[in-house]
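**Student:** Structure below; questions to follow.
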Amino acid sequence: MTIPITKCKSLTTGEIIIIPGKVGFTPETLLGLEAALDAPDGEHRFGNARIGVKTTEFYKYAGLLTESPVDGSGKIRRIEYSLADFDKFCSSIEIFAEENTKEFVSYAHDVRYTIGTLVHRSVVNARNENDTVQLASNLKIINDVTSILSAKDCFFRYQTGAYSGEQLRVDVTGKFFKIFKASGHLSTNKSKKIRFDFESDKDCFIQCYDIFDFIPYLIIENAIKYSPTDMDVSISIKKHGRSIVAEVDSFGPLLLDGEHPLIFERGVRGVNAKRMGIGGQGMGLYHVSKALHALGLGKVEVDQPRTGYCIDINGVEHLPTAFKIILDA
Numbered sequence: 180m181t182i183p184i185t186k187c188k189s190l191t192t193g194e195i196i197i198i199p200g201k202v203g204f205t206p207e208t209l210l211g212l213e214a215a216l217d218a219p220d221g222e223h224r225f226g227n228a229r230i231g232v233k234t235t236e237f238y239k240y241a242g243l244l245t246e247s248p249v250d251g252s253g254k255i256r257r258i259e260y261s262l263a264d265f266d267k268f269c270s271s272i273e274i275f276a277e278e279n280t281k282e283f284v285s286y287a288h289d290v291r292y293t294i295g296t297l298v299h300r301s302v303v304n305a306r307n308e309n310d311t312v313q314l315a316s317n318l319k320i321i322n323d324v325t326s327i328l329s330a331k332d333c334f335f336r337y338q339t340g341a342y343s344g345e346q347l348r349v350d351v352t353g354k355f356f357k358i359f360k361a362s363g364h365l366s367t368n369k370s371k372k373i374r375f376d377f378e379s380d381k382d383c384f385i386q387c388y389d390i391f392d393f394i395p396y397l398i399i400e401n402a403i404k405y406s407p408t409d410m411d412v413s414i415s416i417k418k419h420g421r422s423i424v425a426e427v428d429s430f431g432p433l434l435l436d437g438e439h440p441l442i443f444e445r446g447v448r449g450v451n452a453k454r455m456g457i458g459g460q461g462m463g464l465y466h467v468s469k470a471l472h473a474l475g476l477g478k479v480e481v482d483q484p485r486t487g488y489c490i491d492i493n494g495v496e497h498l499p500t501a502f503k504i505i506l507d508a
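In terms of our numbering, the sequence shown opens at residue 180 and continues consecutively.
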């Protein structure tokens, strides 16, 4: 089951968030979904759109029941969701929200920022309508940032259990490179002036579901988050016998004795990571480790040699830090 684009309204606070689907959407679609939030439960038509509405104890949902994504060959295919599909999806959100409320809200805010970036870059007006170079650059950024939305969508589907599909031949280099390019446009990267390096061996493929996207997203996002300003994040993908090793190198807060294995446990953050004053729930690395195990792909490790070059930033020691995702090819 995939996810239809849905607007979710909290019956407690009145806040409305967008849960993105796999395909693009227009402002008219969003207006139709918002209008549907005032409709009774069931299936409705707003213009040409079929929209499902469901109310639970704490939330009200309005989801697009017909989508028309474009596949890799440029052909449009139609996806029809039934009300039963939509009910299942809404129930999966309820489970996820109960267990991971703070994390859910955090990702919702991230998605809202990303959508804002897309809207900003998609504006065509009298100042740029004839500037083909600028418009082409904006389109490239839109394509890159859409990769972040895709990764968040994959993460959400995996977390809620609202996903099923067939395994594919996944290009590990392509997946990491897509997120690597998209990360260059994130606000955290721009404010910290992070520089990226990327290299990979050829023909690095594994068998996996398309939800693999969120693994490179979470590991790269973690490196950006804890890197000091004006630092490098390097990504390398290499073959080692029957394995593929994707390594993300950066400067990270010093891990104290005994913390190395613990940072992959749910809700655990290192002492120095907390001292940096950066918010977090200690969930990102946990989800990477959990997903690799659940999908039968391999494992993740962290390497932080005490003999490495050390820098002190606001009283927190930082060392070269390597996260290695070891995949069974």
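The C-beta atom is built at its ideal place from N, Cα and C for all residues, glycine as well.
Three or more C-beta pairs under 8 Å: does that hold for the segment 228-246 against the segment 185-193?
**Tutor:** Cβ pair count under 8 Å is three or more, so yes.
**Student:** Can you tell me whether Phe502 is helix, strand or coil according to DSSP?
**Tutor:** In the sequence shown, residue 502 corresponds to position 323, counting from 1. Strand, per DSSP.
**Student:** Using the DSSP secondary-structure output, state which residues sit across from Pro432 in a beta bridge.
**Tutor:** Your numbering for residue 432 matches position 253 in the sequence shown. Bridge partners of Pro432: His497.
**Student:** For the segment 397-408 and the segment 450-463, state whether three or more C-beta atom pairs, one from each stretch, are separated by less than 8 Å.
**Tutor:** In short, these stretches touch, since the Cβ pair count reaches three.
**Student:** Using 8 Å as the Cβ pair cut-off and three pairs as the minimum, do the segment 349-367 and the segment 381-395 touch?
**Tutor:** Because the criterion of three Cβ pairs below 8 Å is met, the segment 349-367 and the segment 381-395 touch.
**Student:** In terms of residue numbering, what span does the alpha helix (DSSP H) encompassing Arg224 cover?
**Tutor:** As a working mapping, residue 224 is identified with position 45 in the sequence shown. Where Arg224 is concerned, there is no enclosing alpha helix (DSSP H), although the beta strand (DSSP E) it sits in stretches over 221-225.
**Student:** Taking only three categories from DSSP, how would you classify Asp376?
**Tutor:** As a first step, residue 376 must be located in the sequence shown, where it is residue number 197. Of the three classes helix, strand and coil, the one that applies to Asp376 here is strand, per DSSP.
**Student:** Apply the 10 Å Cβ neighbour rule to Lys233 and answer buried if 16 or more other Cβ atoms are within range, or exposed otherwise.
**Tutor:** Here residue 233 corresponds to residue number 54 of the sequence shown, with the count starting at 1. It counts as buried.
**Student:** Using the DSSP secondary-structure output, state which residues sit across from Gln386 in a beta bridge.
**Tutor:** As a first step, residue 386 must be located in the sequence shown, where it is residue number 207. Answer is Arg348.
**Student:** Alpha carbon to alpha carbon, what distance is there between Thr325 and Lys371?
**Tutor:** The residue labelled residue 371 in the question sits at position 192 within the sequence shown. The residue labelled residue 325 in the question sits at position 146 within the sequence shown. Cα-Cα distance, rounded: 22 Å.
**Student:** Taking contact to mean at least 3 C-beta pairs separated by less than 8 Å, is the segment 494-502 in contact with the segment 427-443?
**Tutor:** Enough Cβ pairs lie closer than 8 Å, so yes.
**Student:** In terms of residue numbering, what span does the beta strand (DSSP E) encompassing Lys478 cover?
**Tutor:** Mapped onto the sequence shown, residue 478 falls at position 299. Looking at the DSSP string, the run of the beta strand (DSSP E) that includes Lys478 is 477-482.
**Student:** CB Gly456 to CB Leu435, shorter than 8 Å?
**Tutor:** The count along the sequence shown starts at 1 and reaches residue 456 at position 277. The count along the sequence shown starts at 1 and reaches residue 435 at position 256. No, Cβ-Cβ distance for Gly456 and Leu435 is not below 8 Å.
**Student:** Is the distance from the Cβ of Thr245 to the Cβ of Arg229 below 8 Å?
**Tutor:** If you number the sequence shown from 1, residue 245 lands on position 66. If you number the sequence shown from 1, residue 229 lands on position 50. In this structure, Arg229 lies closer than 8 Å to Thr245 by Cβ.
**Student:** On the criterion of 16 or more Cβ atoms from any shown chain inside 10 Å, does Ile416 qualify as buried, or is it exposed?
**Tutor:** Within the sequence shown, residue 416 is the residue found at index 237, counting from 1. Buried is the call here.
**Student:** Please report the straight-line C-alpha distance between Ser329 and Phe359, rounded to a whole angstrom.
**Tutor:** Locating residue 329 in the sequence shown gives position 150, counting from the first residue. Locating residue 359 in the sequence shown gives position 180, counting from the first residue. Rounded to the nearest angstrom, the two C-alpha atoms are 13 Å apart.
**Student:** Should His419 go down as buried or exposed, given a rule of 16 or more other Cβ atoms within 10 Å for buried?
**Tutor:** If you number the sequence shown from 1, residue 419 lands on position 240. Exposed, by the Cβ-count rule.
**Student:** Whole angstroms is fine: what's the gap from Phe443's alpha carbon to Ile390's?
**Tutor:** Position 264 of the sequence shown, counting from 1, holds the residue named residue 443. Position 211 of the sequence shown, counting from 1, holds the residue named residue 390. In a straight line, the C-alpha of Phe443 is about 20 Å away from that of Ile390.
**Student:** Out of Arg421, Tyr405, Gly459, which one is the CA nearest neighbour of Val427?
**Tutor:** Here residue 427 refers to the residue found at position 248 when the sequence shown is read from its first residue. Residue Tyr405 is the option with its Cα nearest to Val427.
**Student:** If you measure between the beta carbons of Leu474 and Cys333, is that distance less than 8 Å?
**Tutor:** Translated into positions along the sequence shown, residue 474 becomes position 295. Translated into positions along the sequence shown, residue 333 becomes position 154. Cβ distance not < 8 Å, so Leu474 and Cys333 don't count as in contact.
**Student:** Helix, strand or coil for Tyr238, going by three-state DSSP, please let me know.
**Tutor:** Counted from its first residue, the sequence shown places residue 238 at position 59. In this structure, Tyr238 counts as strand in the three-state DSSP scheme.
**Student:** In terms of residue numbering, what span does the alpha helix (DSSP H) encompassing Thr208 cover?
**Tutor:** Working through the sequence shown from its first residue, we reach residue 208 at position 29. Run containing Thr208: 206-215, per the alpha helix (DSSP H) assignment.
**Student:** Could you name the residues that DSSP lists as bridge partners for Ser413?
**Tutor:** Along the sequence shown, read from residue 1 onward, the residue named residue 413 stands at position 234. Beta-bridge pairing links Ser413 to Asp376, Asp428.
**Student:** Quick one: what does DSSP say Met180 is sitting in, helix, strand or coil?
**Tutor:** Looking up residue 180 in the sequence shown gives position 1. Any reading at Met180 must be qualified, since the residue scores a pLDDT of 47, below 50, and its modelled position is unreliable; the value itself is stated next. Reduced to three states, the DSSP call for Met180 is coil.
**Student:** Rounded to a whole number of angstroms, what is the C-alpha to C-alpha distance between Ser301 and Ile195?
**Tutor:** Within the sequence shown, the letter at position 122 stands for residue 301. Within the sequence shown, the letter at position 16 stands for residue 195. Roughly 23 Å between the two C-alpha positions.
**Student:** Candidates Asp380, Ser271, Asn322: which alpha carbon is nearest His364's?
**Tutor:** Here residue 364 is taken as the residue at index 185 of the sequence shown, counted from 1. Closest by alpha carbon: Asn322.
**Student:** Give the list of continuous alpha helix (DSSP H) stretches no shorter than 4 residues that lie fully inside the segment 297-358.
**Tutor:** Counting whole runs of 4 or more residues, the segment 297-358 contains the alpha helix (DSSP H) stretches 311-339.
**Student:** Exposed or buried, Leu471, counting other C-beta atoms within 10 Å across all chains shown (16 or more means buried)?
**Tutor:** Taking the sequence shown and counting its residues from 1, the one referred to as residue 471 is at position 292. It is buried - the Cβ of Leu471 has at least 16 other Cβ atoms within 10 Å.
**Student:** Mapping DSSP to helix, strand and coil, what is Gly449?
**Tutor:** Residue numbering aside, residue 449 sits at position 270 when the sequence shown is read from its first letter. If DSSP states are grouped into helix, strand and coil, Gly449 belongs with coil.
**Student:** So, for Glu273: in the same chain, excluding its five sequence neighbours on each side, which residues have a beta-carbon less than 7 Å away from its beta-carbon?
**Tutor:** Locating residue 273 in the sequence shown gives position 94, counting from the first residue. Closer than 7 Å at Cβ, skipping near neighbours: Thr235.
**Student:** Are the CB atoms of Ala508 and Ser422 within a distance shorter than 8 Å?
**Tutor:** Position 243 of the sequence shown, counting from 1, holds the residue named residue 422. Position 329 of the sequence shown, counting from 1, holds the residue named residue 508. Closer than 8 Å, so yes.
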